Amino acid sequence: MRWMSVRYFIGYGLVLLSRIAKALLAKAFEAAALAETFSVIIWTPSEIDRHAKGDWDHKSTVLTYSQLDQWLDETEKSLVEKYFTKRAELLNVACGAGREALLLARRGLRVTATDWGPGMITAAQRRAREAGLPIRFAVADMFSLPYREQTFDHLLLTNIAYSYIFVRRRRIRFLGQAHSVLKSGGIFIISFARAWGDSKAPGGLLERLFMRLSQRSPFNREYEPGDRFSGTFTHFFRSEELAQEFQEAQFLIKDWLWDKGYAVLVKL
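And the structure:
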């Protein structure tokens with residue numbers, strides 16, 4: 073009995089040590105993530121793009137995305153079925169390795185797809201060729217889409233890619249490009265990352281610290297409330313902020329799925 077008691081306490085001590093170690097590691101990871109977050113107030117928009125492009129078009133990332141099945145999530149599927157028409161001209165921006173483009177082409181849309189990663193486009197072209205789908209692909213920057221005005225009936229930007237655009241003036245520039253290539257009355261399905269608590273930007277104390285630092289050289293003076301960096305730059309929107317950006321670019325909000333992180337816009 074005595075030996076069993078000693079054995080129990082040895083085991084209990086090991087369990088306790090393990091839990092303490094896990095808690096310390098969790099705190100260490102939190103501290104490391106916080107340090108990374110500060111890059112958002114140091115890097116300029118072009119430097120953030122440089123980092124993002126390097127990660128996005130890395131061989132391992134391309135391989136991962138090229139192995140994804142062709143699918144739409146529940147919200148995407150319902151919106152596509154409701155607003156996109158067969159045989160319509162569709163532009164899929166930030167298409168990656170073709171997850172949505174291939175499926176939408178199978179549904180009868182005439183798909184054109186762009187991405188800023190040459191590796192992603194190469195993978196998407198290969199998949200389309202193997203599937204026998206006539207999709208037109210192009211390596212293109214979101215801010216200079218290589219298409220004439222009023223070319224497309226529909227436009228699609230998912231995977232919260234709109235939230236990856238840093239900063240507001242550049243998001244407005246992209247929306248201007250989208251507005252230009254859409255036909256009058258054209259439908260634009262877009263997804264985004266939203267701030268928790270809707271009207272409140274995330275962060276609290278950290279947000280105020282970033283705002284103060286951003287006003288001092290050599291910190292990034294274009295930092296905006298809601299900007300975050302954790303491996304990837306992401307802007308978390310407040311509803312009124314996002315609606316204002318859409319309206320400034322002369323889009324009408326036709327459908328607003330805030331809780332899902334989607335909106336359906338119409339070109340006025």
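To get my numbering, take the position in the sequence shown, counting from 1, and add 72.
Positions of the beta carbon are idealized from the N, C-alpha and C atoms, including for glycine.
Computed from a predicted model, the values in this text were never measured in an experiment.
- Contact check for R266 against F323 fails: the beta carbons are separated by 9 angstroms or more.
- Excluding residues up to 5 positions away in sequence, P117 and V239 lie with their Cβ nearer than 7 angstroms to the Cβ of E294 in the same chain.
- For F238, no beta strand (DSSP E) encloses it, and the DSSP letter there is neither H nor E.
- Taken in chain order, the complete beta strand (DSSP E) segments of 3 residues or longer contained in the stretch 196-240 are 208-211 and 224-229.
- For A160, the three-state secondary structure derived from DSSP is coil.
- Contact annotation, L140 with A169: C-beta distance approximately 7 angstroms; criterion of less than 8 angstroms satisfied.
- Within the same chain, L151, L228 and V336 come within 6 angstroms of I261 by CB-CB distance, once the 5 residues on both sides are set aside.
- In this structure W128 is buried. Its beta-carbon is surrounded by 16 or more other beta-carbon atoms within 10 angstroms.
- Contact annotation: the stretch 214-226 does not touch the stretch 189-206, with fewer than three C-beta pairs closer than 8 angstroms.
- Residue pairing of Y334 in beta bridges, as defined by DSSP: S263 and L329.
- One Cα belongs to V78, the other to A100, and the distance between them is close to 33 angstroms.
- Annotation for E161: R182, F224 and D225 place their beta carbon closer than 6 angstroms to its own, counting only its chain and skipping 5 residues before and after.
- Closest option to S256, judged by alpha-carbon separation, among E221, S263, R241 and F264: E221.
- Counting only residues of its own chain and dropping the five nearest sequence neighbours on each side, L175 has a CB closer than 7 angstroms to the CB of Q142, W143 and L144.
- When only Cα atoms are considered, L88 and A95 end up about 11 angstroms apart.
- In this structure, L205 lies away from E320, with their beta-carbon atoms at least 9 angstroms apart.
- Setting aside the 5 residues that flank it on each side, I244 is surrounded in the same chain by E317, E320 and A321, each with a C-beta closer than 8 angstroms to its C-beta; the list follows chain order.
- Assigned with DSSP and collapsed to three states, D129 falls in coil, not helix or strand.
- When G258, L340, T230 and T306 are compared, the shortest CA-CA separation from I120 is found for T306.
- Secondary structure at G180: coil, using DSSP grouped into helix, strand and coil.
- L314 sits buried, since 16 or more C-beta atoms from the chains shown fall within 10 Å of its C-beta.
- By alpha-carbon distance to A203, the top candidate from Y234, D213 and R171 is R171.
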